[in-house]
Amino acid sequence: MNKRLLLIIALQIALLLAIVGKYQYVALTGQSVLLKTAPVDPVDPFYGDYVVLNYEIARIDGTSVPHDVTQEDQDHQVYVILQQKTNPWHEAVGVYRSLPKLAQGQIALKGTLRYVDSEGTREISIGYGIERYYVPENTGHEIEDRRDQLTMVEVKVSGSGDAVIARLVYK
């Protein structure tokens, strides 16, 4: 093999390791956050069993949470500010286009703005890239059977708002 081919192969391997390393770093060093969710159990023939996680913070009431996002920001990155109040899970306390200065006890979670209802409910819909949780084969229905229990997800969040699912938590 010539040196150029080896260099190309080495760069591809380095890129894959960097991608995996980023998520491993967040999983090891990120701050733990509990998010309230309701699981649904689909099966993908290519990827196996997974649980779709419908986070409470995926649909935020724009009339009760401060925000600076509009419909023009659709499909752009936003930061949802989370804070633990009286519940064991964290709740959204703000939605912003850029990362604001955080108060004590607040955490910023990066997401993508899906839409803002400019009339009626003023709902703000956000995707976080952590809506699928893959489970061992034939165990997704066990999770679905626990639907009556309060389901939360422990998520590790980096200082820049990147998130990785750590585990499901039931109460």
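Under the working numbering, the first residue of the sequence shown carries the number 64, and numbering increases by one thereafter.
Beta carbons are placed, not taken as given, at the ideal position from N, Cα and C, and that holds for glycine.
Query                                                                                            : Result
Proximity of Val220 and Ile144 at Cβ, strictly below 8 Å                                         : no
Ala171 - DSSP class collapsed to helix/strand/coil                                               : strand
Cβ contact check for the stretch 205-216 and the stretch 172-185: 3 or more pairs under 8 Å      : no
Residue span of the alpha helix (DSSP H) that contains Thr92, given as start and end             : Lys66 to Thr92
Per-residue burial, Asp124 [other beta carbons within 10 Å of its own, 16 or more giving buried] : exposed
Presumed contact (8 Å Cβ cut-off) between Leu98 and His153, rounded CB distance                  : 6 Å
Boundaries (first-last residue) of the beta strand (DSSP E) holding Thr214                       : Thr214 to Val220
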